[in-house]
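Residue numbers (the UniProt record's numbering), protein chains in the order written: chain A, 1 to 593; chain B, 1 to 593.
Note that beta-carbon positions come from the ideal geometry of N, C-alpha and C, so glycine has one too.
#1: Please decide whether residue 24 of chain A counts as near chain B, where near means a Cβ-Cβ distance under 8 angstroms.
#2: Buried or exposed for residue 421 of chain A, please, with buried defined as at least 16 other CB atoms from any protein chain shown within 10 angstroms of its CB.
#3: Given a threshold of 16 other Cβ atoms within 10 Å of its Cβ, counted over all protein chains shown, does residue 237 of chain A qualify as buried or as exposed?
#4: Can a CB atom of chain A be found closer than 8 angstroms to the CB of residue 241 of chain B?
#5: Please determine, among B:372, B:564 and B:21, the residue with the shortest C-alpha to C-alpha distance to residue 301 of chain B.
#6: Roughly how many angstroms lie between the CA atoms of residue 403 of chain B and residue 506 of chain B, to the nearest whole one?
#7: Looking at the structure shown, is residue 277 of chain A part of a helix, part of a strand, or coil, going by DSSP?
#8: In chain order, what residues of the same chain have a beta carbon less than 8 angstroms from the beta carbon of residue 534 of chain B, not counting five sequence neighbours either side?
#9: Between residue 434 of chain B and chain A, is the shortest Cβ-Cβ distance under 8 angstroms, so that the two count as touching?
#10: Check the C-beta distance from residue 217 of chain B over to residue 538 of chain B and give it rounded, since I have them as a contact under 8 angstroms.
#11: Note down, one range per segment and in chain order, each alpha helix (DSSP H) of at least 4 residues found wholly within the UniProt domain "SH3" (3-65) of chain A.
#12: In terms of alpha-carbon separation, which member of A:453, A:474 and A:427 lies closest to residue 437 of chain A?
#13: Apart from the five residues on each side of it in sequence, which residues of its chain come closer than 6 angstroms, Cβ to Cβ, to residue 541 of chain B?
#14: Would you say the segment 510-518 of chain B touches the segment 390-406 of chain B, given that touching needs at least three Cβ pairs under 8 angstroms?
#15: Here's a check: name, in chain order, each residue in its chain whose Cβ is nearer than 6 angstroms to the Cβ of residue 289 of chain B, leaving out the five neighbours to either side.
#16: If contacts are defined as beta-carbon pairs under 8 angstroms, then residue 245 of chain B and residue 344 of chain B qualify, I think. What distance do you get, rounded to the angstrom?
#17: Which one or two residues does DSSP pair with residue 251 of chain A in a beta bridge?
#18: I want to see whether chain A comes within less than 8 angstroms of residue 238 of chain B, judged by CB atoms only; does it?
#19: To the nearest whole angstrom, what separates the beta carbons of residue 299 of chain B and residue 347 of chain B, a pair I think is in contact under 8 angstroms?
#20: Kindly list the residues whose CB is nearer than 8 angstroms to the CB of residue 439 of chain B, restricted to its own chain and excluding five residues on each side of it in sequence; keep chain order.
#21: Among B:26, B:274 and B:264, which one has its Cα closest to the Cα of residue 256 of chain B?
#22: Output needed in chain order: residues of the segment 452-469 of chain B with a Cβ under 8 angstroms from some Cβ in chain A.
#23: Quick one: grab the DSSP three-state call for residue 443 of chain A.
#24: Classify residue 155 of chain A as buried or exposed, calling it buried when 16 or more other Cβ atoms lie within 10 Å of its own Cβ.
#25: Is there at least one Cβ from chain B nearer than 8 angstroms to residue 552 of chain A's Cβ?
#26: Looking at C-alpha atoms only, which residue of A:280, A:251, A:460 and A:262 is the closest neighbour of residue 586 of chain A?
#27: Roughly how many angstroms lie between the CA atoms of residue 405 of chain B and residue 13 of chain A, to the nearest whole one?
#28: Taking one C-beta from the segment 249-263 of chain B and one from the segment 322-337 of chain B each time, how about it: are there three or more such pairs within less than 8 angstroms?
#29: Against chain A, with Cβ distances strictly below 8 angstroms, would residue 104 of chain B count as a contact?
#30: Which residues in chain A have a C-beta closer than 9 angstroms to the C-beta of residue 414 of chain B? List them in chain order.
#31: Rounded to whole angstroms, what is the Cα-Cα separation between residue 457 of chain B and residue 552 of chain A?
#32: Could you say if the segment 395-402 of chain A and the segment 423-433 of chain A meet the contact criterion of at least three C-beta pairs nearer than 8 angstroms?
#33: What's the call for residue 281 of chain B, buried or exposed, on a 16-neighbour Cβ count within 10 Å?
#34: For the segment 427-485 of chain B, list the beta strand (DSSP E) runs that are entirely contained and at least 3 residues long, ordered along the chain.
#35: If the cut-off is 8 angstroms on Cβ atoms, which residues from the segment 559-575 of chain B count as contacting chain A, listed in chain order?
#36: Could you say which of B:354, B:292 and B:60 lies nearest to residue 329 of chain B if we only look at CA atoms?
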């Protein structure tokens, strides 16, 4: 936590939302800026009383320039930090990599960023968000029964972030930590340098280099991969694809139990997982999921691993939270179990099946020392005997980049609209129907003053109509739980998945770029033809892996969105049909009026 | 038009709506207040440039007190002057009369008065409002082919109002003139005074007295009413009722024609009326309706005459306006034709049937000299031979007063809600659906980047769903025309009718009060028993007439509101059913996705 000692003065009064980790300050108040790396127009600051929290940057002025006298602009939307790669780490990637496809920088959040987690306040889905695990983090060496408590169990993954969660009271991080990556390290000493000048633009290869991808590409790593470690990629009419297992399985998560140790000083929730292939229950804590997530990210270099649901900071033992988190863990496990590569992997199987503490530790250590992780993962890919047209692959990747970028925008937009719609259903729509209902009820009350027999049926019918509109108001309030919430959940899950894709695409782009650079060196007579051919062949392996994963993503995406849309429309149809029926029974009351 | 030369200064800038006859002014600007009698928080003022229009009284300060420095309050809703009895005329009635029933003063408009006419701006029903004709005005002596043009044709009825319409550009009087009544004249010289002190509270009898009601009650008028002039009241299980004609008829208004005279200098619209009993078409101008309205008010003392649609000041010859006004005139004629007394009256028949100019003038003069108008109307009532229990009648009237007051409140409230709802349908609701539709369309656009065959059907289905939601948005925009507008029309018509009821109830209350006073005088030995008995018998006649009319009102009200609710619910049911169907066909698209 670097305190840069930058000072700012409040331009306007800001009434911060404490629950969102915001800091209240007044016009003229001096604040110390803790970090400007929050994104979305938010900074973190500390006031003179030592309180720390988020502030809208447009509400303060760094100390130097004079104060303008405009009225305050609207505050930016609540801070969301899930997608934003922190500027100090990912600047090269965010700007160069995507701009090379003509797209804008991904982390330019629109002024009113969608924020699905916000709608928690309106009731309904208790969404705790998902968090990305560190791709390159040191795996913890803690054993089965270490003394982390839940408060601390993900400390290890906070080591590279600027804003550690305990500084943000409430849900200040809005359910989503920034993707954790190591600080950028220039890799100018890579094997690549032996062929000549390393261009500045190669900075963007750093991720690739770090994962060992360049070592693989340049042929400086090799191994005698055993048959059982091989991952087969096949050609299909939709392009390269993973070889889907003939016997898919499922895994149910149930019976979360609050357990404790150290004489009750430390407590945690243990979830019971039962894979369908074994039908043997294993008990796992959140920290085990977290460990698994790290291992999957470390090993499966070309597979974006969806973020886990985020850790909650308060209310972790409340039933609603526990069952909601369990549901989110179930969604995550479902997706992993459906993945043709992950579901068959040793580390995942270890997680799903190991019941013995000693074996757990051994398997854990083995996974952490897995020979074929990072760049070496590509050694295990068994590709079709065809070679790929690099330009064609580049074109496909470019389209897919646009796809991911576009879909990410869509998710944000739809989450925003859905979130708004949810609020409208529980607020103004409900009120509108109840205003109408109330006015009919009042009319009936007046009409009731006429005691003539022939008017009583009408009065009763109008009163009934008033009740009907009130009930329709209640239906509006409840409806989001019947259709919208499931859609929001899918959108939110995809938003998380999409946030992990840039790393994968970047890696592939690095490989292609390097292969093309080698071709250029060959043309300049500075690299032997056979070496270049080998590089291109290995670049093909990376392309095969990436394309196979893209294929899997699209396959899942089509199934998920078909399901999502059908469920949503079913819910909507039932809703409007129910309204119609209610109105029809109100109309019937007038028959004898 | 009295210019009182009251000056005021603008406290805030006010950006007036010219179409509503409002006057724009700035903070500090000096205005001459033309009249404070507009009501609803509006005054009429003239600026230094001589422009005249309505201003919100809370936006100015009469010249004397110092200026406060608060932010401007929201402007009051647009001026509506239908219900408000001008303060200079009706203060006694509005305060004393209703307060005697424990109800608040009727003309205390809530801060945001319902304003049905406002929604014209949003399209749909072009509602020009209704205006009440003067009850006691001098009937014009103009003939069939006088040289009033349409601009001037109701000048005669403005003689007693402060705000003549030609001073208000646009529809500044918001479709509704204040009920026209003569300035209050204390009638302490009535026959009543001969029995003793006239109490101050007898002021509230002024209306009654003015109409000649007291003369009737005290027996100082009499006549040998011919059989054909007698109006029969019968006893029914719901109380006294008019004797409904055995052969009801209808009257269609069609073919409005723009006609002109004086070599085209004057032009007007002539409507063609065809009563079903004669099937002979007669041509009538608005001024003829206006004249008829005056005559009906003058003659049928215990019958509230619904206001006519208001005169428009601009766009009078536009097709939309003409057909809308024709529809409103049709509603008015329908209601008159359904009235068992009015529909059978000579003056109404003259209006519906006379095709000859000379006969028209003669009939007009005859109607204006009708012997049995005002208080003498009661001479023509042929009541059942039963006598009424005065306390019981008082109790019924008290309940009915509450009914009228309550229903008036209901109308205002429902008009407000309906008006809001209308705006929401054409604005936010439409936009909300189109935002959802747009987001689906955008998602489909992104998904379209995936050219794999298996994803194309899903993409097409989502795109179709986007279209569906856009269309539902359009449906929301159009829906008010299918259900809400008819309801608003009925509510508005009843609001107008209810505004004319206080006069009728006041008259009856005056009669009962006078009869009770006579009973007291009898008890004190100051009035002979036989005189008192005769007064009470004549008070019964007034009660019979009033109760019969109440009965008719309730009968119409039950039929109208049954019809209104059924039409509304039919429209709503069709709407939600159509939405359901649209969504169902969207859902079908996913079957092959």
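Taking the structure as given:
#1: no
#2: buried
#3: exposed
#4: no
#5: B:372
#6: 15 angstroms
#7: coil
#8: 219
#9: no
#10: 5 angstroms
#11: none
#12: A:474
#13: 378, 381 and 383
#14: yes
#15: 308
#16: 6 angstroms
#17: A:275
#18: yes
#19: 7 angstroms
#20: 466
#21: B:274
#22: 452, 453, 454, 455, 458, 461, 462 and 465
#23: helix
#24: For residue 155 of chain A, the predicted structure reports a pLDDT of 35, less than 50, and the residue's modelled location is therefore unreliable. A value from the coordinates is still provided. Exposed, by the Cβ-count rule.
#25: no
#26: A:460
#27: 48 angstroms
#28: yes
#29: Residue placement at residue 104 of chain B is poorly supported in this model, since its pLDDT is 36, which falls under 50; the coordinates are not used for a value here.
#30: 436, 439, 440, 442 and 443
#31: 18 angstroms
#32: no
#33: exposed
#34: none
#35: 561, 562, 565, 566, 569, 570, 572 and 573
#36: B:292
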